Amino acid sequence: MSDQFVLETRGLVKEFKGFVAVDDVNLKVQRGHIHALIGPNGAGKTTVFNLLTKFLPPTRGTILFNGKDITSLKSAAIARRGVVRSFQISAVFPHMTALENIRVALQSFEGNSFQFWKSGHSLNKLNERCMELLDSVGLTEFANTTTVELAYGRKRALELATTLAMEPELLLLDEPTQGMGGEDVERVVELVRKAAEGRTVLMVEHNLGVVSKLCDRITVLAQGSVLTEGEYKEVSEDPRVREVYMGSANTTQEAVE
Amino acid sequence: MDHPVNQTDIQQAMLDQQKSDQRRKHILNLVLLALLLIAPAVIYPVFLMKILCFALFAVAFNLLLGFTGLLSFGHAAFLATGSYTTGYLLSNYSGLTTEMGIIVGTAAATVLGVLFALVAIRRQGIYFAMITLALAQLVYFMFVQAPFTGGEDGMHGVPRGHLFGFIDLENNLAMYYFVLAVFLGGYLLVQRVVGSPFGQVLKAIKQNEPRAVSLGYNVNQYKVLAFVMSAGLAGLAGSVKTVVFQLASLNDAHWHMSGEVILMTLLGGTGTLLGPVVGATFVVNLEYQLSQGPLGDWVDPILGAIFVLTVIAFRSGIVGEIQKFVRKNMG
Amino acid sequence: DISDDTVKIGYLADMSGTYRDLAGPNGLKALEMAIADFGGKVNGAKIEVVSADDRNNPDSSSSTVRRWLENENVDLVAGMVASSVTIAVTKLLEENDGLGIVSGSAASSITNEHCTPNHIHYVYDTYPLANGTAKAVVQEGGKEWFILTADYAFGHALEGDVTRVVEENGGKVIKTARHPFPTSDFSSYILQAQSSGADVVALANAGSDTTNAITTAGEFGLTQSGQTLAALLLFLTDVHALGVNSAQGIQLTTGWYWNMNEEARKWADRFMDETGVRPTMVHAGIYSSTMQYLNAVKATGSDDTQTVRKQMMDTPINDMFATNGRIREDGRMVHDMYLAEVKTPEESENEWDLYKIVRTIPGDEAYRPLSESKCSLVSKN
Amino acid sequence: MSMILGVPVAVLFGQLLLGIINGAFYALLSLGLAVIFGLLKIINFAHGAMYMLGAMVTVIMFDAMGINYWVALVLAPLVVGCFGVLLEYFLLRRIAGQDHIYSLLLTFGVALMIQGILTNIFGVSGLRYSMPEIFQGGFKLDFMFLPYYRAWVIFMALLVCFGTWFMIEKTKLGSYLRAGTEDAQLMQGFGINVPLLISLTYGFGVMIAAFAGVLAAPIYSVTPVMGSNLLIVVFAVVVIGGMGSIAGAIITGLLMGVIEGFTKVFYPEFSSAVIFLVMVVVLLIRPSGLFGKEA
Amino acid sequence: MSQGSDKEYEQLRVSGLHAFYGESHILHGIDMVVHRGELVTLLGRNGAGRSTTLKAIMNMVGRRTGSIMINGNETMTCQPHHIARLGVGYCPEHRGIFSALNVQENLTLPPVVRSGGMSLEEIYSMFPNLYERRFSQGTKLSGGEQQMLAMARILRTGANMLLLDEITEGLAPVIVEKLGEVLVKLKNKGLTIVLVEQNFHFAAPLADRHYVMEHGQIVEEISADELEAKQSVLDSYLGV
Ligand SMILES: Nc1ncnc2c1ncn2[C@@H]1O[C@H](COP(=O)(O)OP(=O)(O)OP(=O)(O)O)[C@@H](O)[C@H]1O
Ligand SMILES: Nc1ncnc2c1ncn2[C@@H]1O[C@H](COP(=O)(O)OP(=O)(O)OP(=O)(O)O)[C@@H](O)[C@H]1O
Ligand SMILES: [Mg+2]
Ligand SMILES: [Mg+2]
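Protein chains in written order, with the numbering used here: chain A, 1 to 257; chain B, 258 to 588; chain C, 589 to 969; chain D, 970 to 1264; chain E, 1265 to 1504.
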């Protein structure tokens, strides 16, 4: 079973001072899938991400990654195991160039990060790969631009590239297309698709067009617990999902195009 | 969207930039080195040594503030620990060569740095500053109470001794070149560290800590290492200072000293390598000039006014502003 | 002969910190008055003054003094207040064979374990402070003592000296409390003193610590409940700050008081014209010691340290500052000290009319006898 | 008489009371500091100087114009408050939004200037200020003599503390203040005159410090440096209470007064450092202070 | 306040607006007019300068030149709080929820600048999530909840011109739908709305007119009825 599922949660619960944000969630993410987590605002999606990456400690429950219990690991250790997230609110290193942003991510695999005696030139060999990643999100020309100066949408693209640089086994994306216009969304979809080759993606996304195009499996979260799970078609036809989340089919259909 | 610029061009441009930066840095370093080598011919060596000691202290401090984003308000503790340890050893064990005294003093400060770091590192921002201050106050209390420090009177008459057992440091020039060597060692170390892969991670942590965590960095380990290095170098500054002045006093441990190094660093320019050096030179010199002259009793108000002016008009510090100016007028 | 035809005096004191008022900028005035009175020249050589703020920092002070000695041919270093500064400077003087006259410091160790052949301690030290005040108070019947001590070298020294004097005179120290330096709230200590049942509450501290403690003692009615308050080190400026209302009746020992005799008063008037305030014993001491120094240079025609020091030791001092003064081989200037009592508001005629002299303590009785000295310069026979 | 560790219980009662009184000063000072830090994110290193100014102005007004204590109690804080507003308007405003550390440097510079200038005018020995007649004497309690003035201090301090807490935590104005510190520009975009609000807040914060200074004038020696050593202790109090927590600053102030008071009995040498020990321990256990909101 | 559909009244006139962040010149001469009761969108790619335009109207950018008339008043020299008092409600791109305040305090924070705003009850019934979490700290809300809060709080103030920056971002489709209804309602009440939107499908049916921006300039103005005819032009600008 551990072969089939990369990630599994058992009875995951998170309470905030009496308020239950995540309520007994049993999630199974199949290897190689792009798995979407959707649900109304405040359903607990981001909180689930926070629990998975230990930005918040779970109140109860266990998290299994490749069959191993990672509930007690720290954030950084989880990232090193291959579970990497992007943030809902853009997270970059503002006073580094786009290229340096990505290089910091690549560097964490080099095993030289404690080498305070080495010259910075030793990092130049990573530049090639940085440029590839930047190119994949269309930021080539901004490689030497300081990140603060990038528009919001580009910051998000950069963040995605940085996350990909981590070569994660399981990629957690929190609303990757948020704040992006049509063409950029397209590109991100492509990017995620490309990135998903050979790895597993768990994403939160409100753009149903993206979800329907990309995702193999969808879990709907509402008020902290799992409402239903299945393929896009099943889920989108579920009246409960329509009621709490999707609303009238109209908007959705248009978005899908 | 099309990409008007070619990937390799961009990379090349970046490498060129790096190279020319490097070259400029080398030239600057050489000019400064030359100045420092001939300085004692013109300027009173003990005074120069004082500047170098404080410059080293500020450089050490800036490794934390400028390059890791941690504001320590307790760095006096390390300066004083280096200072007292070396002072005690050299006064009481006459067989000890000077450099051994300094090494042990530095080591003591480093160990103290580890202790501080372990306690403080989990705290952030102003809490970090305050917990380091609190720890430093406790260290201060210890130094006040401990019999070997001479309390308020201080520790006096520390012999300068012989470097490696044969170079007589009573000679001011010999002493000067030794201090210069130590200073350069510290400075170059920090320069290296900042540019190293480790330095990149520090920079990342400074700018966005949660993001660094999510990229798999155990940020506390990096911070601890940076902190300990900074503490060790501050201790080194203290040790050398004791040898130069042949005394150690509570002033080194007082929170004013922790404040002073912040001021030096900010005045010179945080996050620049040369900034703390310039800042230390400026402050030490200014205090000296003012305390000598007819404005003797106006030192504090004048210093105060300079701080105010700096913050209002030259926020990036002396070196920072110069860099800005150069960048603006050359590119 | 006089090196480079100038006699150069470096004045080093706290110009801006805690000890500013007792020496500070006005001390420099006193020094300059002395030079002016001497005529600005000695044996044709001109007299120059340099000054520096010690910032109560031995590092800064020693680099300043080093430069004075090594580069600027300063012949005499005067002033010197904080003991850490004084000890650092005297070590340097010894190394460079310069001469120093310490006027501000209180620590008796300066001419005891820290004595050097290169300095003179001129105005007062902790030994006579304890000796004068404590002895008088014990003899008046204050047998049981509570000592409130500033927790640093000076306080400890004073506490030690007081304890000895009290015990020698048949009294007893029943409790001591050491407070951090500086402290602003003394109510806790005053309460402890009150509940200790001691006859005498002695303050072995200085400056604002002392004035704060005295104010608080007044507020809590310490003296009303029958206890005696003894302040061991009070400068005129402290008493002036307290005012006679709070300070009345306090006994203290001083090396000099501006209104103690005609000569002193005349000089103090001139000083007041210059500065607007009455001089402390330190100010007077600076004037007097500078005069003595210049006289010695004149007499010997030299500014060589040992020659001048010897001449100074050989000349008894009788001037506006001291009667029966002489400099001993350990560098201590021994002169008569005075037990004074702060006047009552009724007695006090103006804001500076603060003391009445109760008793003169002969120098030999006041200061630590050479037989007890730990100074290496004192020949032991 | 029963004893605890060799100290009579009655004496300990007295110490407890004195500790609270002393704590009332800490509470007032840390309150002002917490208001300024919590709301403006300014590390006000001039706070000690403002406290000192409160006391100095009281004395100077009395000496020069014969203005009595009661008037000074209102007037001196107002004068200092206005000074604070000017300071904010001409200096601090220019560094709004910059790193904390700049405000630290700036206010430290200002403190040095104020202290240095006053030292040159008035010296460091202190100025005289006599207790108003009405406070002469005190209550004879079983365990101690409590001067009337100390009782007055604690009463006034608590009154001001409570009033301030109420205003900030419970009123609309308070919520403007709390929000304005996070995103002043947006607040202004909502139609609130944020620059004015900030000036007034800073003025108010230093006014509380000056008020403490007036309270201190009759009992402590009034000198230009009287505030400089208090400063870091008060900072410690604010941190222990939890930066930005108004209630935290008040309660911790009182608590630290008491702890320090007992230390003065059992280990007096340590009394100046005990607060820092408490701080280390508290921050190890509760990272954001006793009453701080968790980050 | 002259009522409703006074479509001739110029609520906002921007002419020759340039804006700068420090050294960088972001807006290059924007001209636009919005009439009372109109809903106008600003469309464009990421980085085109739409948010900057709204901020410039609020005087929240580094430096600006040109002219901005609101309600007939020239506002180039006004401080932001004066601009708000002219009846402008601004909902920023990054929400600007205050962490020091709880949800309800956040909601009641902006002072009422005109009569006719929504009451707290109306708002809570429109956004039940907010009611449920009204005593939690503002920033502890989920991303979407924060967005609702940011929108809701300016509805209370009675502002008659709303500048809304990407309000549907990160919201569940049901809520987006609901927001659409709210905007229609507001429009019917006679409010003037400038909407910066990525989600064209959301904006299209609501808007009277669209301005298309590129590189800090307005490159096209399209009214609702021309939309179909100009669809291809629009697509090319937006890269859909
Ligand atoms: N630190 C916290 N303290 C208290 N409550 C919290 C905290 N973090 C989140 N919550 C609450 O938990 C619930 C779930 O939040 P979460 O951010 O996981 O929602 P979400 O599903 O990601 O929503 P969205 O799509 O709007 O981002 C929300 O109601 C939120 O208010
Ligand atoms: N604070 C700033 N400093 C410097 N440049 C900035 C700043 N904010 C934005 N910019 C620049 O201004 C330009 C326009 O940004 P703006 O935020 O207005 O774009 P937008 O059209 O709203 O795009 P988005 O969809 O990304 O929000 C961008 O190129 C951006 O890099
Ligand atoms: Mg979310
Ligand atoms: Mg935008």
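Glycine included, every Cβ here is placed at the ideal spot set by N, Cα and C. Quick caveat: nothing in here was measured; it's all calculated off a predicted structure.
Could you pull the start and end residues of the alpha helix (DSSP H) that Tyr599 (chain C) belongs to? Along the third sequence, one-based indexing puts residue 599 (chain C) at 11. Careful: Tyr599 (chain C) lies outside any alpha helix (DSSP H), inside the beta strand (DSSP E) at 594-601.
For Ala928 (chain C), the first and last residue of its enclosing beta strand (DSSP E): Here residue 928 (chain C) corresponds to residue number 340 of the third sequence, with the count starting at 1. Note, Ala928 (chain C): beta strand (DSSP E), 925-930.
Mind checking the segment 297-322 of chain B against chain C and listing, in chain order, the residues whose C-beta falls within less than 7 Å of any C-beta there? Those residues of the segment 297-322 of chain B that come within reach of chain C (Cβ to Cβ, closer than 7 Å) are Tyr301, Val303, Phe304, Lys307.
Can you look up Asp509 (chain B) in the DSSP assignment and give me helix, strand or coil? In the second sequence, counting from the first residue as 1, residue 509 (chain B) sits at position 252. Under the three-state reduction of DSSP, Asp509 (chain B) is assigned to helix.
Once DSSP output is grouped into helix, strand and coil, what is the label at Asn912 (chain C)? Here residue 912 (chain C) is taken as the residue at index 324 of the third sequence, counted from 1. Coil, per DSSP.
Taking the straight line between their C-alpha atoms, what separation do you get for Gly1211 (chain D) and Ala1181 (chain D)? In the fourth sequence, the residue the question calls residue 1211 (chain D) occupies position 242. In the fourth sequence, the residue the question calls residue 1181 (chain D) occupies position 212. The straight-line gap from Cα to Cα measures roughly 21 Å.
Is the distance from the Cβ of Ala488 (chain B) to the Cβ of Ala366 (chain B) below 7 Å? If you number the second sequence from 1, residue 488 (chain B) lands on position 231. If you number the second sequence from 1, residue 366 (chain B) lands on position 109. Cβ distance < 7 Å, so Ala488 (chain B) and Ala366 (chain B) count as in contact.
In chain D, what lies closer than 7 Å to Tyr1354 (chain E) by C-beta? Taking the fifth sequence and counting its residues from 1, the one referred to as residue 1354 (chain E) is at position 90. Residues of chain D passing the Cβ test: Gly1158.
Relative to the C-alpha of Gly1407 (chain E), which candidate in E:Arg1378, E:Arg1359, E:Leu1350 has its C-alpha closest? In the fifth sequence, residue 1407 (chain E) corresponds to position 143, counting from 1. Comparing C-alpha distances from Gly1407 (chain E) to each of E:Arg1378, E:Arg1359, E:Leu1350 shows the shortest one belongs to E:Arg1359.
DSSP three-state assignment for Pro1116 (chain D), whether helix, strand or coil: Your numbering for residue 1116 (chain D) matches position 147 in the fourth sequence. DSSP places Pro1116 (chain D) within a strand segment (E or B) once states are collapsed to three.
Mind listing the chain D neighbours of Val1476 (chain E)? Cutoff is C-beta to C-beta under 8 Å, in chain order. As a working note, residue 1476 (chain E) is residue 212 in the fifth sequence. The contacting residues do not exist; Val1476 (chain E) stays about 26 Å from chain D at best.
Who are the Cβ neighbours of Phe859 (chain C) in its own chain at under 6 Å, not counting the five residues just before and after it? Taking the third sequence and counting its residues from 1, one reaches residue 859 (chain C) at position 271. The residues are Pro867.
Taking buried to mean at least 16 other C-beta atoms within 10 Å of its own C-beta, is Trp1039 (chain D) buried or exposed? In the fourth sequence, residue 1039 (chain D) corresponds to position 70, counting from 1. Exposed, because fewer than 16 other Cβ atoms sit within 10 Å of the Cβ of Trp1039 (chain D).
Measuring CA to CA, which of A:His95, A:Leu160, A:Val148, A:Thr9 is closest to Thr59 (chain A)? Your numbering for residue 59 (chain A) matches position 59 in the first sequence. Nearest of A:His95, A:Leu160, A:Val148, A:Thr9 to Thr59 (chain A), Cα basis: A:Thr9.
The segment 445-454 of chain B contacting the segment 105-120 of chain A, beta-carbon criterion three pairs below 8 Å: The segment 445-454 of chain B is in contact with the segment 105-120 of chain A.
Which of helix, strand or coil does DSSP assign to Ala1264 (chain D)? The residue labelled residue 1264 (chain D) in the question sits at position 295 within the fourth sequence. Annotation note: pLDDT 49 at Ala1264 (chain D) (below 50); position unreliable, coordinate value reported separately. Correct three-state label for Ala1264 (chain D): coil.
For chain B, is any of its Cβ atoms less than 7 Å away from the one on Asn659 (chain C)? For this step, residue 659 (chain C) is matched to residue 71 along the third sequence. Under the Cβ distance rule, Asn659 (chain C) counts among the residues neighbouring chain B, one pair being separated by less than 7 Å.
Sufficient close CB pairs (3 or more, under 8 Å) joining the segment 126-136 of chain A to the segment 102-109 of chain A: Three or more pairs of CB atoms, one per stretch, sit closer than 8 Å, so the segment 126-136 of chain A contacts the segment 102-109 of chain A.
Between C:Gly919, C:Lys760, C:His707, which has its C-alpha nearest Phe734 (chain C)'s C-alpha? Residue 734 (chain C) sits at position 146 when you count from the first residue of the third sequence. Relative to Phe734 (chain C), the option among C:Gly919, C:Lys760, C:His707 whose CA is nearest is C:Lys760.
Output, in chain order, the set of chain E residues within a Cβ distance shorter than 9 Å of Val244 (chain A). In the first sequence, residue 244 (chain A) corresponds to position 244, counting from 1. Neighbours of Val244 (chain A) on chain E, chain order: Ala1436, Val1438.
Beta-carbon separation of Ala1416 (chain E) and Phe1159 (chain D) under 7 Å? For the purposes of this step, residue 1416 (chain E) is taken as the residue at position 152 of the fifth sequence. For the purposes of this step, residue 1159 (chain D) is taken as the residue at position 190 of the fourth sequence. At least 7 Å separates the beta-carbon of Ala1416 (chain E) from that of Phe1159 (chain D).
With a Cβ-Cβ cutoff of 7 Å, do Leu1056 (chain D) and Ala1178 (chain D) count as a contact? Counting from 1 along the fourth sequence, the entry for residue 1056 (chain D) is found at position 87. Counting from 1 along the fourth sequence, the entry for residue 1178 (chain D) is found at position 209. Not in contact: Leu1056 (chain D) and Ala1178 (chain D) (Cβ atoms no closer than 7 Å).
Have a look at Thr841 (chain C) and Lys931 (chain C) and give me their C-alpha separation to the nearest angstrom. Indexing the third sequence from 1 puts residue 841 (chain C) at position 253. Indexing the third sequence from 1 puts residue 931 (chain C) at position 343. Spanning the alpha carbons of Thr841 (chain C) and Lys931 (chain C) requires a straight line of approximately 14 Å.
Measure from the C-beta of Tyr777 (chain C) to each C-beta in chain B and report whether the shortest distance is under 7 Å. Position 189 of the third sequence, counted from the start, is the residue given in the question as residue 777 (chain C). No - not a single Cβ of chain B is within 7 Å of the one on Tyr777 (chain C).
Once DSSP output is grouped into helix, strand and coil, what is the label at Pro1237 (chain D)? Along the fourth sequence, one-based indexing puts residue 1237 (chain D) at 268. In this structure, Pro1237 (chain D) counts as helix in the three-state DSSP scheme.
Verify the CB distance criterion: does Phe330 (chain B) have a CB-CB separation below 7 Å to chain C? Sequence index remark: in the second sequence, residue 330 (chain B) carries index 73 (1-based). Answer no: the Cβ-Cβ gap between Phe330 (chain B) and chain C never drops below 7 Å.
Span of the beta strand (DSSP E) around Arg60 (chain A): As a first step, residue 60 (chain A) is located in the first sequence; it is residue number 60 there, counting from the start. Counting along the chain, the beta strand (DSSP E) containing Arg60 (chain A) begins and ends at 60-65.
Tell me the rounded alpha-carbon separation between Ala676 (chain C) and Phe502 (chain B). Residue numbering aside, residue 676 (chain C) sits at position 88 when the third sequence is read from its first letter. Residue numbering aside, residue 502 (chain B) sits at position 245 when the second sequence is read from its first letter. Straight-line Cα distance between these residues: approximately 9 Å.
DSSP has Thr1421 (chain E) in a bridge; who is on the other side? The residue given as residue 1421 (chain E) occupies position 157 in the fifth sequence. According to DSSP, Thr1421 (chain E) bridges with nothing at all.
Could you check where the beta strand (DSSP E) with Met1296 (chain E) kicks off and where it finishes? Locating residue 1296 (chain E) in the fifth sequence gives position 32, counting from the first residue. For Met1296 (chain E), the enclosing beta strand (DSSP E) stretches over residues 1288-1299.
Please list, in chain order, all residues of the same chain as Ile689 (chain C) whose beta carbon is under 6 Å from its beta carbon, the five residues on each side excluded. What you label residue 689 (chain C) is simply residue 101 of the third sequence in a count that begins at 1. If we look at Ile689 (chain C) and ignore the five residues flanking it on each side, its Cβ neighbours are Ala666, Ile708, Tyr710, Ser877.
Three-state secondary structure (DSSP) of Met1265 (chain E): In the fifth sequence, residue 1265 (chain E) corresponds to position 1, counting from 1. Interpretation of Met1265 (chain E) is limited by its pLDDT of 42, a score under 50 that renders its predicted location unreliable; the figure taken from the coordinates is listed afterwards. Correct three-state label for Met1265 (chain E): coil.
Is there a Cβ from chain D that is less than 7 Å from the Cβ of Met258 (chain B)? Taking the second sequence and counting its residues from 1, one reaches residue 258 (chain B) at position 1. Note that Met258 (chain B) scores a pLDDT of 41, beneath 50, so its modelled location is shaky; the value from the coordinates is reported in the next line. For Met258 (chain B), the answer is no, since every Cβ of chain D falls outside 7 Å of its Cβ.
Answer with buried or exposed for Phe1059 (chain D), where buried requires no fewer than 16 other C-beta atoms within 10 angstroms of its C-beta. Start at 1 with the first residue of the fourth sequence, and residue 1059 (chain D) comes out as number 90. Phe1059 (chain D) comes out exposed.
Could you compute how far the alpha carbon of Met486 (chain B) sits from the alpha carbon of Ala317 (chain B)? As a working note, residue 486 (chain B) is residue 229 in the second sequence. As a working note, residue 317 (chain B) is residue 60 in the second sequence. When rounded, the distance between both Cα atoms is 8 Å.
Three-state secondary structure assigned by DSSP to Val244 (chain A): Within the first sequence, residue 244 (chain A) is the residue found at index 244, counting from 1. If DSSP states are grouped into helix, strand and coil, Val244 (chain A) belongs with the helices.
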